[in-house]
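Visitor: Numbering (the UniProt record's numbering), first residue to last: 1 to 340.
We put the CB at the ideal spot given by N, CA and C, even for glycine.
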């Protein structure tokens, strides 16, 4: 069951006999699986815990062995996969014993995602048009070529396909994050982007480590779909997809899919005539004029025809208000320079 933060959901529990719910203490438990070191969330019925709430619903034609409930998560709940439990104990304390405490695990996993529809969510967008473009759109165009003659490539993001969400959570599960009740979204994006390409000597990213060939000169491998790449990654049990290390635009496209699968609005930005990385001996010279004003001179011989990165939408309290919103994330691997 996939849910958005701050989104209530209702369900029915059917018991094998009449169940007088008013004679028992009922609590619902959410146990994190994506972040196994994080504390579980226990929500008493008709109560709240850390912003989570649970209540019993009444219906006209309610059967005696059926009980209806509604649970709502806070807009800052930790995203990820959860196991779901029901805890039952007698209401009268003098009758309660250890044997009277029962815990049942539901045969379903709960996935809590960011919620761009909720204005109080850190990923809350401003309009339905933005949500449609940056959160819901499964198909798009990626622009390469040059600024004079741009060339578009169709791409299938497929953020609602099962393999995309599972890959995003698998990658996050591989990272070590500080234990707490909440995880900062910027930290999630840093960890996620670091797993697009494996580090040298490692094999746990989606793509193998960067090759010695400059990114702008690498041959295309034919992929135009994120689910196709990520399905292969999962079939390899979380090992890098064999072959070349992918193109810069493929890194950006896959990262965009992973972000959208988690509910983070994301878009791809193409920069033409971009300066190169370390492998291509980038040189940006800083000079001063007669008034000691800085003059930046970029060696045009080391510019790429294009370079792509991502922008992700988030509200940030750690920066001035005018700098909140779209944040740049570069998921392509560093070109390590091995020259002497």
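By the three-class DSSP mapping on this structure, what secondary structure does residue 117 have?
Guide: coil
Visitor: Going straight from the alpha carbon of residue 324 to that of residue 232, what length do you get?
Guide: 36 Å
Visitor: Can you name the start and end residues of the beta strand (DSSP E) that residue 167 belongs to?
Guide: Unbroken run through residue 167 is the alpha helix (DSSP H), 162–173; no beta strand (DSSP E).
Visitor: Taking DSSP as the reference, what is the three-state secondary structure of residue 274?
Guide: strand
Visitor: Report the three-state DSSP secondary structure of residue 17 (helix, strand or coil).
Guide: coil
Visitor: Helix, strand or coil: which one does DSSP assign to residue 77?
Guide: coil
Visitor: Mind checking who residue 31 pairs with in its DSSP beta bridge?
Guide: 83
Visitor: Could you check what DSSP says for residue 42 in three-state terms: helix, strand or coil?
Guide: Strand, per DSSP.
Visitor: Among the residues of its own chain, which have a CB less than 6 Å from the CB of residue 329, if the five just before and after it don't count?
Guide: 189, 193, 310 and 312
Visitor: Can you tell which of 109, 110, 108 and 86 has its C-alpha closest to the C-alpha of residue 101?
Guide: Closest in alpha carbon position to residue 101, among 109, 110, 108 and 86, is 86.
Visitor: What are the start and end residues of the beta strand (DSSP E) that includes residue 151?
Guide: 150–156
Visitor: If you follow the beta strand (DSSP E) that residue 227 is in, where does it begin and where does it stop?
Guide: That residue, residue 227, is in no beta strand (DSSP E); its alpha helix (DSSP H) goes 226–235.
Visitor: Taking one C-beta from the segment 5–24 and one from the segment 70–79 each time, how about it: are there three or more such pairs within less than 8 Å?
Guide: yes
Visitor: Is the segment 143–162 touching the segment 247–263, taking contact as three or more C-beta pairs under 8 Å?
Guide: yes
Visitor: Report yes if the C-beta distance between residue 12 and residue 68 is below 9 Å; otherwise report no.
Guide: yes
Visitor: Out of 163, 91 and 36, point me to the one whose CA is closest to residue 262's CA.
Guide: 163
Visitor: For residue 38, tell me which candidate among 318, 183 and 118 has the shortest Cα-Cα distance.
Guide: Taking the Cα of residue 38 as reference, the smallest distance to any Cα among 318, 183 and 118 is reached at 183.
Visitor: Could you tell me the distance, in whole angstroms, from the CA atom of residue 208 to the CA atom of residue 41?
Guide: 37 Å
Visitor: For residue 312, name the three-state secondary structure that DSSP assigns.
Guide: strand
Visitor: Between which two residues does the beta strand (DSSP E) containing residue 48 stretch?
Guide: 47–49
Visitor: Contact defined as beta carbons within less than 8 Å: I believe residue 250 pairs with residue 272. What is the distance between those atoms, to the nearest angstrom?
Guide: Not confirmed; about 18 Å, so no contact.
Visitor: Between the C-alpha atoms of residue 114 and residue 23, what's the straight-line distance to the nearest angstrom?
Guide: Note on geometry: alpha-carbon atoms of residue 114 and residue 23 lie some 36 Å from one another.
Visitor: At which residues does the alpha helix (DSSP H) containing residue 324 begin and terminate?
Guide: Run containing residue 324: none; DSSP gives neither H nor E here.
Visitor: Tell me where the beta strand (DSSP E) around residue 183 begins and ends.
Guide: Premise fails: residue 183 is in no beta strand (DSSP E) and is neither H nor E.
Visitor: In its own chain, which residues sit with a C-beta less than 8 Å from the C-beta of residue 265, not counting the 5 before and 5 after it?
Guide: 116, 123, 125, 130, 131, 134, 135, 259, 312 and 313
Visitor: Using the three-state DSSP reduction, which class does residue 216 fall into: helix, strand or coil?
Guide: Confidence in residue 216 is poor, its pLDDT being 49 and thus under 50, which makes the residue's placement unreliable; the coordinate value appears in the next sentence. Helix, per DSSP.
Visitor: Could you tell me the alpha carbon to alpha carbon distance between residue 238 and residue 104, rounded to whole angstroms?
Guide: 31 Å
Visitor: To which residues of the same chain is residue 151 closer than 6 Å at the C-beta, ignoring the five residues directly before and after it?
Guide: 144 and 145
Visitor: Ignore the nearest five residues each way along the sequence and tell me which others in residue 153's own chain have a CB closer than 6 Å to its CB.
Guide: 142
Visitor: Less than 6 Å between C-beta atoms, sequence neighbours within five positions excluded: which residues of the same chain meet that for residue 230?
Guide: 163, 164 and 167
Visitor: Could you give the DSSP three-state label for residue 110: helix, strand or coil?
Guide: strand
Visitor: Quick check on DSSP: helix, strand or coil for residue 340?
Guide: With a pLDDT of 35 at residue 340, under the threshold of 50, the predicted position of this residue should be treated as unreliable, though the coordinate-derived value follows. Looking at residue 340 - three-state DSSP - the assignment turns out to be coil, as it is neither helix nor strand.
Visitor: Please classify residue 278 as buried or exposed, where buried requires at least 16 neighbouring CB atoms within 10 angstroms.
Guide: Bear in mind that the predicted position of residue 278 carries a pLDDT of just 48, short of 50, making it unreliable; the figure below should be weighed with that in mind. Flag for residue 278 reads exposed.
Visitor: Evaluate residue 47 with the Cβ neighbour count: other Cβ atoms within 10 Å of its Cβ, from every protein chain shown; 16 or more gives buried, anything less gives exposed.
Guide: exposed
Visitor: What is the C-beta distance between residue 30 and residue 82, in whole angstroms, given that I count them as a contact (C-beta under 8 Å)?
Guide: About 4 Å separates the two Cβ atoms, so the contact holds.
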